[in-house]
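Right, one structure below, let's go through it.
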Amino acid sequence: MKSSYSNEVSIFYLHIRKLLRQSNINCLGTFDVSIVKCEGTNKIEVLSTAGHKHLGGQDIDKIIMEYVLNNFKDFPKNNTKMMKRLLEACTEAKITLSSYETTIICIDRVDSDESWELELNRDKFNELCGKVFLGTLDIVNEALKQANLKENNIDRVILAGGSTRIAMVKNLLKEKFGERKIWNRHNPDEVVAKGAALVANSFLNASSNDNIQLLFNDIVPLSIGQRIHGKLMYFAIKRGTRYPCKAEQITVLGQDNQKSVNINIYEGERKQCKYNFKIGNIKLDLKNRNSRRGYETKVLYFIQKNLKVKTKA
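Note that the sequence shown ends on residue 362 in this note's numbering; no numbers are left out.
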């Protein structure tokens with residue numbers, strides 16, 4: 050299981066600011082939000098996490114691509130190399146529009162000296178991707194609700210990830226939290242990596258008197274469970290549970306004289322397993338091959354300090 054990037058972002062913030070009081074920090078990517086309480090210079094408590102695991106900056110690129118293809122009717126969609134060049138041009142356009150009002154999407158033709166060219170301005174960009182950007186606020190509101198906090202309880206909003214450079218995303222956050230709280234005196238592409246480096250340093254130099262000892266109190270970012278009744282998800286450990294933690298689930302045999310039981314383990318929030326992510330499988334050989342339908346088996350779930358998931362049946 051992967052942790053959210055909230056620890057790394059908040060550690061980087063603590064390292065730079067050297068806070069001497071309690072603060073609630075909103076660590077925000079375009080589609081992932083964590084609310085973290087920082088106390089002193091080393092204590093970090095994750096209050097909530099929320100996000101859309103199926104969306105990211107690449108989805109913005111795809112929206113721009115669709116717009117371009119609608120204007121370039123003769124563009125060779127079946128040419129993999131040309132489609133890759135188009136994707137790169139659309140990604141570059143997204144980045145450019147974070148700083149400038151207008152950009153030109155240009156792809157050279159292979160069969161002539163001409164090129165496909167299309168002007169894209171920021172207003173059109175916002176029109177195309179507006180629903181995606183507004184979805185950021187839905188995720189922010191979900192994180193606030195989980196933490197039982199309001200906007201005025203947040204001391205800082207830290208932006209992480211290149212897509213947080215987008216002007217409309219920044220403006221939406223300024224309207225919600227106020228411009229003073231938006232802390233962007235850093236490179237959002239580097240903040241997670243820098244925080245991770247500080248974490249690694251604290252582990253490597255744990256015995257040093259000069260090193261800050263980091264104290265984490267984190268939560269499970271995605272629910273963990275197993276498939277039941279063929280397709281449904283049973284949530285053994287729910288999102289937001291503090292770890293390390295453990296849970297158990299009793300399952301019953303579906304038929305007589307089963308030789309083994311296959312238990313599929315998933316993470317995610319959807320009721321149907323096919324929409325969640327499969328992280329493992331347990332095959333349990335039954336000692337009693339004459340077990341009748343309804344025979345019980347128990348699965349134990351453990352989430353360790355390093356967020357590793359272990360199961361035992």
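We treat Cβ as the ideally placed atom computed from N, Cα and C, and that holds for glycine.
Everything numeric in this text was worked out from a predicted model, so none of it was measured.
Item to check | Other residues of its chain near Y292: CB distance less than 6 Å, five sequence neighbours each side excluded | outcome: Exclusion of the five residues before and after Y292 leaves V269, I352 as the residues of its chain whose Cβ lies within less than 6 Å of its Cβ.
Next on the checklist: Tell me which residue opens and which closes the alpha helix (DSSP H) that K111 is part of.
Outcome noted: 106-120
Checklist entry - Does the beta-carbon of C155 have 16 or more other beta-carbons within 10 angstroms, so that it is buried, or is it exposed? => result exposed
Checklist entry - What's the C-alpha gap between N220 and A138? => result 25 Å
Checklist entry - Going by C-alpha distance, which of V82, M217, S309 is nearest K143? => result M217
Checklist entry - The alpha helix (DSSP H) with L222 in it runs from where to where? => result Run containing L222: 216-226, per the alpha helix (DSSP H) assignment.
Item to check | Own chain partners of I188 with C-beta closer than 8 Å, once the 5 adjacent residues on each side are dropped | outcome: F80, D81, V82, A99, G100, H101
Item to check | Classification of T213 by the beta-carbon crowding that lies within 10 angstroms, buried from 16 upward | outcome: buried
Next on the checklist: If contact is defined by three or more beta carbon pairs under 8 Å, each pair taking one atom from either stretch, is the segment 173-187 in contact with the segment 119-128?
Outcome noted: no
Item to check | Environment of V117 [buried if 16+ CB atoms lie within 10 Å] | outcome: buried
Item to check | Cβ shell of R70 (< 7 Å), same chain only, five flanking positions each side left out | outcome: Bear in mind that the predicted position of R70 carries a pLDDT of just 46, short of 50, making it unreliable; the figure below should be weighed with that in mind. Closer than 7 Å at Cβ, skipping near neighbours: no residue.
Checklist entry - Hey, I84 and L198: beta-carbon distance below 8 Å or not? => result Yes, they are a contact pair.
Checklist entry - Taking the C-alpha atoms as reference points, what is the distance between D110 and Q307? => result Whole-angstrom Cα-Cα distance: 50 Å.
Next on the checklist: To the nearest angstrom, how far is the alpha carbon of C87 from that of I207?
Outcome noted: 13 Å
Checklist entry - Hey, how far is the Cα of A242 from the Cα of H235? => result So the alpha carbons of these two residues sit roughly 12 Å apart.
Item to check | N- and C-terminal bounds of the beta strand (DSSP E) containing D157 | outcome: 151-157
Next on the checklist: Spatial neighbours of N233 within its chain, please: C-beta separation below 7 Å, excluding the five flanking residues on both sides.
Outcome noted: L208
Next on the checklist: Residues in the same chain with beta-carbon distance under 7 Å from I299, minus the five sequence neighbours each way, listed in chain order, please.
Outcome noted: E345, K347
Next on the checklist: Judging by CA-CA distance, which residue of N190, F226, N311 is the nearest neighbour of I331?
Outcome noted: N311
Item to check | Three-state secondary structure (DSSP) of V348 | outcome: strand
Item to check | Proximity below 8 Å, CB of K223 to CB of I231 | outcome: Cβ distance < 8 Å, so K223 and I231 count as in contact.
Next on the checklist: Contact defined as beta carbons within less than 8 Å: I believe S272 pairs with Q195. What is the distance between those atoms, to the nearest angstrom?
Outcome noted: Between Q195 and S272 the Cβ distance is about 13 Å, and since that is not below 8 Å, they are no contact.
Item to check | Where R70 sits in the DSSP three-state scheme | outcome: Confidence is the limiting factor: at R70 the pLDDT is only 46, short of 50, which leaves the residue's position unreliable and the question unanswerable from this model.
Next on the checklist: Buried or exposed for I93, going by 16 or more other Cβ atoms inside 10 Å?
Outcome noted: buried
Item to check | Rounded straight-line distance, which links the Cα of K359 to that of Y315 | outcome: 12 Å
Item to check | Residues bridged to E316 [DSSP beta-bridge criterion] | outcome: I273, F326
Item to check | Residue-level contact to chain D via CB, K280, 8 Å cutoff | outcome: The structure shown has no chain D; it contains just one protein chain.
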